[in-house]
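Protein chains: 2
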Amino acid sequence: MPIVVQKYGGSSVADAESIKRVARRIIDTRKEGNDVVVAVSAMGDTTDELLDLAREVSPMPPPRELDMLMTAGERISMALLAMAIADQGHSVRSFTGSQAGVITDAQHGRAKIIDVTPGRITEALGKGHIVIVAGFQGVSKETKEITTLGRGGSDTTAVALAAALRASVCEIYTDVDGVFTADPRIVPAARKLDRITAEEMLELAASGSKVLHLRSVEYARRFDIPIHVRSSFTSKEGTLVTDQPAPEGEAVEAPIIAGVATDRSEAKVTVVGVPDRSGMAAQIFAAIADAEINLDMIVQNVSATETGLTDISFTVPISEGPAAMQALSKIQDEVGFASLLYDDQIGTLSLVGAGMKSNPGVSATFFKALAAADINVEMISTSEIRISVVMRDDRLDEAVRAVHTAFGLDSDQEAVVYAGTGR
Amino acid sequence: MPIVVQKYGGSSVADAESIKRVARRIIDTRKEGNDVVVAVSAMGDTTDELLDLAREVSPMPPPRELDMLMTAGERISMALLAMAIADQGHSVRSFTGSQAGVITDAQHGRAKIIDVTPGRITEALGKGHIVIVAGFQGVSKETKEITTLGRGGSDTTAVALAAALRASVCEIYTDVDGVFTADPRIVPAARKLDRITAEEMLELAASGSKVLHLRSVEYARRFDIPIHVRSSFTSKEGTLVTDQPAPEGEAVEAPIIAGVATDRSEAKVTVVGVPDRSGMAAQIFAAIADAEINLDMIVQNVSATETGLTDISFTVPISEGPAAMQALSKIQDEVGFASLLYDDQIGTLSLVGAGMKSNPGVSATFFKALAAADINVEMISTSEIRISVVMRDDRLDEAVRAVHTAFGLDSDQEAVVYAGTGR
Numbered sequence: 001m002p003i004v005v006q007k008y009g010g011s012s013v014a015d016a017e018s019i020k021r022v023a024r025r026i027i028d029t030r031k032e033g034n035d036v037v038v039a040v041s042a043m044g045d046t047t048d049e050l051l052d053l054a055r056e057v058s059p060m061p062p063p064r065e066l067d068m069l070m071t072a073g074e075r076i077s078m079a080l081l082a083m084a085i086a087d088q089g090h091s092v093r094s095f096t097g098s099q100a101g102v103i104t105d106a107q108h109g110r111a112k113i114i115d116v117t118p119g120r121i122t123e124a125l126g127k128g129h130i131v132i133v134a135g136f137q138g139v140s141k142e143t144k145e146i147t148t149l150g151r152g153g154s155d156t157t158a159v160a161l162a163a164a165l166r167a168s169v170c171e172i173y174t175d176v177d178g179v180f181t182a183d184p185r186i187v188p189a190a191r192k193l194d195r196i197t198a199e200e201m202l203e204l205a206a207s208g209s210k211v212l213h214l215r216s217v218e219y220a221r222r223f224d225i226p227i228h229v230r231s232s233f234t235s236k237e238g239t240l241v242t243d244q245p246a247p248e249g250e251a252v253e254a255p256i257i258a259g260v261a262t263d264r265s266e267a268k269v270t271v272v273g274v275p276d277r278s279g280m281a282a283q284i285f286a287a288i289a290d291a292e293i294n295l296d297m298i299v300q301n302v303s304a305t306e307t308g309l310t311d312i313s314f315t316v317p318i319s320e321g322p323a324a325m326q327a328l329s330k331i332q333d334e335v336g337f338a339s340l341l342y343d344d345q346i347g348t349l350s351l352v353g354a355g356m357k358s359n360p361g362v363s364a365t366f367f368k369a370l371a372a373a374d375i376n377v378e379m380i381s382t383s384e385i386r387i388s389v390v391m392r393d394d395r396l397d398e399a400v401r402a403v404h405t406a407f408g409l410d411s412d413q414e415a416v417v418y419a420g421t422g423r
Numbered sequence: 001m002p003i004v005v006q007k008y009g010g011s012s013v014a015d016a017e018s019i020k021r022v023a024r025r026i027i028d029t030r031k032e033g034n035d036v037v038v039a040v041s042a043m044g045d046t047t048d049e050l051l052d053l054a055r056e057v058s059p060m061p062p063p064r065e066l067d068m069l070m071t072a073g074e075r076i077s078m079a080l081l082a083m084a085i086a087d088q089g090h091s092v093r094s095f096t097g098s099q100a101g102v103i104t105d106a107q108h109g110r111a112k113i114i115d116v117t118p119g120r121i122t123e124a125l126g127k128g129h130i131v132i133v134a135g136f137q138g139v140s141k142e143t144k145e146i147t148t149l150g151r152g153g154s155d156t157t158a159v160a161l162a163a164a165l166r167a168s169v170c171e172i173y174t175d176v177d178g179v180f181t182a183d184p185r186i187v188p189a190a191r192k193l194d195r196i197t198a199e200e201m202l203e204l205a206a207s208g209s210k211v212l213h214l215r216s217v218e219y220a221r222r223f224d225i226p227i228h229v230r231s232s233f234t235s236k237e238g239t240l241v242t243d244q245p246a247p248e249g250e251a252v253e254a255p256i257i258a259g260v261a262t263d264r265s266e267a268k269v270t271v272v273g274v275p276d277r278s279g280m281a282a283q284i285f286a287a288i289a290d291a292e293i294n295l296d297m298i299v300q301n302v303s304a305t306e307t308g309l310t311d312i313s314f315t316v317p318i319s320e321g322p323a324a325m326q327a328l329s330k331i332q333d334e335v336g337f338a339s340l341l342y343d344d345q346i347g348t349l350s351l352v353g354a355g356m357k358s359n360p361g362v363s364a365t366f367f368k369a370l371a372a373a374d375i376n377v378e379m380i381s382t383s384e385i386r387i388s389v390v391m392r393d394d395r396l397d398e399a400v401r402a403v404h405t406a407f408g409l410d411s412d413q414e415a416v417v418y419a420g421t422g423r
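So, in structure tokens, the structure goes:
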């Protein structure tokens, strides 16, 4: 029997009625002739409520105890979901992350899955049970401690289970219909994608798209697990994230552009007046790395040769901005740069599409559209299938709409850009 | 270092402030030079809230999933308590029942502890940590499923840990000052006992005293663990429950009477007109046992020889009354009794005291006091150290006060009945 892994987020199981609705959907999947394994998040606001309780007790709770606390959330939702399924006459077993064999490293609060040993799940499926698994949590290999995967970790749990169980598909249920060419709240004309490659989805997730958690897409890509992103409120097909070729009869050529992502969560740090000698940049980035801060875009301006000085700019998550400034201040004398600038009023726009590789006209169209909308581009970074630009954040929405239209992505337009049109 | 096991109930950890207060008390015990292991219940109303959620989802949730759900409650309280202790600068580890090695049978919702393997606790104590353990829960030996011990099970967890760790004492913190000679809400003159034997405490708990859970007293008695029942709101000494002799200098003779317990939770079932032949009673009690109903008191009236018929009365918990009536109705034709009577307007009064064994005057004083208060006794049952009587429930309070006074238990009286006074 094919195995389908499903994941339901907190908003899909926010109350008893929602839980019953999700239970019916799970049972429907079972009735269609599948073994069903479900990863579930904590109900609605449970995670935030537990965090509030923790803060009332201690401003800096030990990470081990915080993980112990947070994992109570999925324990509640998974047990209730199992009860709702049993109430509709189907046999079911719920398992914690530890029971499900989700083995992680020992980094509390942001553990990485290092193995999945789903013996109890396989046994339960063999006995005809539907299986519910607590998302977001696991147990550390060395210390046997309860761990959490960090926010969005339930997506990763689902994909990891799908890989370990050799599932035919991993369905991620959410409150939107699938992956869109842009955020529909910013671009009302955004279209739902039927298919997208894992590589493209990875770039979109890294560029600010919130639909799927970056780590889950990486995991799915590595194990070649198709992800079906769909709404838990309708039965419509959503978006299939896969590098596998489309079946015969579907679109013969993939579109050049998959979508436009936006990100307002980063700040720009500029190190001004860095002596233009080898090793200076290395010292700066070593300081950032030692502070465990994630860098995103990096730009080094052309050196003004007469001064022998250069400026280095990079983006970091706003939440890590203060730590970055502190780390750099400490090495100011040593490196000998002039000053630091901090700017959190920036927005990043990223154009993502596998078809870019073979279509040199994409960059020209992109920058022409931005210029026509009078957008001042402050930083540029590219990958093989992505162009990202930094601008003032109050210009971001306008820029996205301009780019979306320029590439013919608007849903009320006939002209969809396909590879080979030479645009 | 001596090990002290403490247990805090739900009302002691109802909110962040209470949790911090309990944390300070635990740290004080640690500072006095003890290794401290704490069993904690779920916060305040958490257990009831989780039960409500379960009922919203399913009227008859599977016991396995209900246990999975309920155990989230202690996971939350134990993690928060550990955080509060860490916040005050002490190293601490929390463990679930399963992690703490609380091994049970597989009866979900009312599992029995069959072994405690506290390897992780001992290791944590060895590293200087304070240890917090989730009360009320364990893991089944055969099936490795999460189980709960039933209501009041946290007391049993604490005592079982104390036994396994060879603790010097098991302190049960509650919202009263200790064990009283009677329920102070009924008898304002009730006195707190400094000491009581485990045998007496067992009879009091079985007779309706709510201070300690019956199973925890049985467990403590079997392993000879002293229980110190005390208030989490004061630092006063409470009541020591132990069969060990009092140290030199304390009361040389134990009082005859430990206390008077009351119980309104039972109903009386009377099987009327049972043929007075051997085997009839056996059939009746077999039917009750098959329905897994707990009988308490049983009385068979003297047979009316001219009719060859007899009446059999017994008490059952009110919650099991309907099931008892149903089980008996099914065998009416077979046994040939005339009818069934059901009465839930009864109250039970029990006088408990180890000194009764050697003091024949106790019964006389007891029934004289009831007669003087004009109480009509409907059923009588006795053990070596207990006399119980059933009466109308609206007379119970008056009866308790009369008996309490008759045995000189009132706290404003000088005359305390000691063994050897011949009363």
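Listed in order, the protein sequences are those of chains V and G. With the first letter of the first sequence counted as 1, position 150 gets the number 150 in this note's numbering; the numbers rise by one all the way through. With the first letter of the second sequence counted as 1, position 359 gets the number 359 in this note's numbering; the numbers rise by one all the way through. Cβ coordinates follow ideal geometry from the N, Cα and C atoms, glycine included.
Does any residue of chain V bring its CB to less than 8 Å from the CB of Ser58 of chain G? On the second sequence, residue 58 of chain G is found 58 positions in, with the first residue counted as 1. Yes, contact with chain V.
Does any residue of chain G bring its CB to less than 8 Å from the CB of Glu171 of chain V? For the purposes of this step, residue 171 of chain V is taken as the residue at position 171 of the first sequence. Output row for Glu171 of chain V: interface = no.
Between the CA atoms of Val274 of chain G and Ser484 of chain G - distance to the nearest angstrom: A question about residue 484 of chain G goes unanswered here, because the residues of chain G that appear run from 1 up to 423.
Chain-ordered chain V contacts of Ile76 of chain G [CB-CB under 8 Å]: As a first step, residue 76 of chain G is located in the second sequence; it is residue number 76 there, counting from the start. Result: Leu50, Leu53, Leu69 and Ala72.
Tell me the rounded alpha-carbon separation between His129 of chain G and Asp397 of chain G. Here residue 129 of chain G refers to the residue found at position 129 when the second sequence is read from its first residue. Here residue 397 of chain G refers to the residue found at position 397 when the second sequence is read from its first residue. Each residue's Cα considered, the two are about 48 Å apart.
Which whole runs of the beta strand (DSSP E) in the stretch 102-170 of chain G are 3 residues long or more, in chain order? 102-104, 113-116, 130-134, 137-140 and 146-148
Kindly provide the ranges of any alpha helix (DSSP H) runs that are 4 or more residues long and lie completely inside the stretch 50-110 of chain V, ordered along the chain. 63-87
Within its chain, find whatever has a CB closer than 7 Å to the CB of Glu266 of chain G; leave out the 5 residues flanking it on each side and keep chain order. Taking the first residue of the second sequence as 1, we reach residue 266 of chain G at position 266. Only residues of its own chain outside the window of five on either side were considered, and among them Asp296, Thr315, Val316, Pro317, Ile318, Ile346 and Thr348 have a CB closer than 7 Å to the CB of Glu266 of chain G, listed in chain order.
Presumed contact (8 Å Cβ cut-off) between Glu199 of chain V and Ile85 of chain V, rounded CB distance: Along the first sequence, one-based indexing puts residue 199 of chain V at 199. Along the first sequence, one-based indexing puts residue 85 of chain V at 85. In this structure Glu199 of chain V is not in contact with Ile85 of chain V, their Cβ atoms being roughly 36 Å apart against a cut-off of 8 Å.
Is the CB of Glu414 of chain G under 8 Å away from at least one CB in chain V? One-based indexing of the second sequence puts residue 414 of chain G at position 414. Any answer about Glu414 of chain G is weak, because its pLDDT of 40 lies below 50 and its placement is not dependable; what the coordinates show is given next. No - not a single Cβ of chain V is within 8 Å of the one on Glu414 of chain G.
Near the ligand NAD: Asp183 of chain G beta-carbon under 7 Å from a heavy atom: Of ligands this structure carries none, so the ligand NAD is not represented either.
Leaving out five residues on either side along the sequence, give the residues of the same chain with a beta carbon under 7 Å from the beta carbon of Arg215 of chain V. Taking the first residue of the first sequence as position 1, residue 215 of chain V is located at position 215. Sequence-distant partners of Arg215 of chain V (beyond 5 residues in either direction) whose C-beta falls short of 7 Å from its own C-beta, in its chain, are Thr156.
Buried or exposed: Thr174 of chain V, going by 16 or more other Cβ atoms within 10 Å of its Cβ? The residue labelled residue 174 of chain V in the question sits at position 174 within the first sequence. Label assigned to Thr174 of chain V: buried.
Taking its Cβ as the centre, do 16 or more other Cβ atoms sit within 10 Å of Glu123 of chain G, making it buried, or is it exposed? By one-based count along the second sequence, residue 123 of chain G stands at place 123. Classification of Glu123 of chain G: exposed, given that the 10 Å Cβ count is below 16.
List the residues of chain V whose Cβ lies closer than 7 Å to the Cβ of Met356 of chain G, in chain order. For this step, residue 356 of chain G is matched to residue 356 along the second sequence. Simply none; closest approach about 48 Å.
Cβ of Asp28 of chain G less than 8 Å from any chain V Cβ? Here residue 28 of chain G refers to the residue found at position 28 of the second sequence. Closer than 8 Å: no.
Can you give the Cα-Cα distance for Val352 of chain V and Glu218 of chain V, rounded to whole angstroms? Locating residue 352 of chain V in the first sequence gives position 352, where the first residue counts as 1. Locating residue 218 of chain V in the first sequence gives position 218, where the first residue counts as 1. Cα to Cα, Val352 of chain V sits roughly 16 Å from Glu218 of chain V.
Checking 8 Å against the spacing of the C-beta atoms, do Ala261 of chain G and Ser207 of chain G come in under that value? Along the second sequence, read from residue 1 onward, the residue named residue 261 of chain G stands at position 261. Along the second sequence, read from residue 1 onward, the residue named residue 207 of chain G stands at position 207. It is a contact, given that the beta carbons lie within the stated cut-off.
In angstroms with no decimal places, state the Cα-to-Cα distance between Gln137 of chain V and Asp35 of chain V. Residue 137 of chain V sits at position 137 when you count from the first residue of the first sequence. Residue 35 of chain V sits at position 35 when you count from the first residue of the first sequence. Near 22 Å, if we compare the C-alpha coordinates of Asp35 of chain V and Gln137 of chain V.
Which residue comes first and which comes last in the beta strand (DSSP E) that contains Ile3 of chain G? For this step, residue 3 of chain G is matched to residue 3 along the second sequence. Ile3 of chain G -> beta strand (DSSP E) spans Ile3 to Tyr8.
Grouping DSSP H, G and I as helix and E and B as strand, with all else coil, what is Asp344 of chain G? Within the second sequence, residue 344 of chain G is the residue found at index 344, counting from 1. It is coil, neither helix nor strand.
If we define contact as Cβ-Cβ less than 8 Å, is Pro61 of chain V a contact residue for chain G? On the first sequence, position 61 is the one that residue 61 of chain V refers to. Chain G places a beta carbon closer than 8 Å to that of Pro61 of chain V, counting this residue as a contact.
Would you say Ile19 of chain V lies against chain G (beta-carbon separation less than 8 Å)? Walking along the first sequence from the start, residue 19 of chain V turns up at place 19. Yes, Ile19 of chain V counts as interfacial toward chain G.
Using a cut-off of 7 Å between C-beta atoms, extract the partners of Ala84 of chain G located in chain V. Here residue 84 of chain G refers to the residue found at position 84 when the second sequence is read from its first residue. Ordered by position in chain V, the residues that pass the 7 Å Cβ test against Ala84 of chain G are Val57 and Ser58.
Terminal residues of the beta strand (DSSP E) in which Asp263 of chain G lies: Sequence index remark: in the second sequence, residue 263 of chain G carries index 263 (1-based). Where Asp263 of chain G is concerned, the enclosing beta strand (DSSP E) stretches over Gly259 to Asp263.
Cutoff 8 Å: Asp45 of chain V Cβ touching any chain G Cβ: On the first sequence, residue 45 of chain V is found 45 positions in, with the first residue counted as 1. So, not an interface residue.
I'd like the list of long-range same chain contacts for Arg166 of chain V, defined as Cβ closer than 8 Å, with 5 residues on each side in sequence excluded. Counting from one through the first sequence, the residue named residue 166 of chain V turns up at place 166. Taken in chain order, the residues that qualify are Ile3.
Could you give the distance in angstroms between the alpha-carbon of Ala338 of chain G and the alpha-carbon of Ile293 of chain G? By 1-based counting over the second sequence, the position of residue 338 of chain G is 338. By 1-based counting over the second sequence, the position of residue 293 of chain G is 293. Approximately 22 Å between the Cα atoms of the pair.
According to DSSP, is Asp397 of chain V helix, strand or coil? Taking the first sequence and counting its residues from 1, one reaches residue 397 of chain V at position 397. Here Asp397 of chain V sits in helix by DSSP.
Taking buried to mean at least 16 other C-beta atoms within 10 Å of its own C-beta, is Pro247 of chain G buried or exposed? The residue given as residue 247 of chain G occupies position 247 in the second sequence. The residue is exposed, with fewer than 16 neighbouring Cβ atoms inside 10 Å.
Under 8 Å, Cβ to Cβ, is there at least one residue of chain V near Ser11 of chain G? Here residue 11 of chain G refers to the residue found at position 11 of the second sequence. Closer than 8 Å: no.
Segments of 4+ residues assigned as alpha helix (DSSP H) that fall wholly inside the stretch 349-380 of chain G: 361-372
Where Thr197 of chain V falls: helix, strand or coil (DSSP): Looking up residue 197 of chain V in the first sequence gives position 197. Coil.
Alpha carbons only, please: which of V:Gly279, V:Ala354 and V:Ser313 is nearest the one belonging to Leu340 of chain V? Here residue 340 of chain V is taken as the residue at index 340 of the first sequence, counted from 1. Of V:Gly279, V:Ala354 and V:Ser313, the smallest CA-CA separation from Leu340 of chain V is found for V:Ser313.
Based on Cα-Cα distance, which residue from V:Met43, V:Lys31, V:Arg30 and V:Gln6 lies nearest to Glu17 of chain V? As a working mapping, residue 17 of chain V is identified with position 17 in the first sequence. Comparing Cα-Cα distances from Glu17 of chain V to each of V:Met43, V:Lys31, V:Arg30 and V:Gln6, the minimum goes to V:Met43.
With 8 Å as the threshold, decide whether the Cβ of Asp87 of chain V is near any Cβ in chain B. Annotation note: the requested chain B is absent from the structure, which comprises protein chains V and G.
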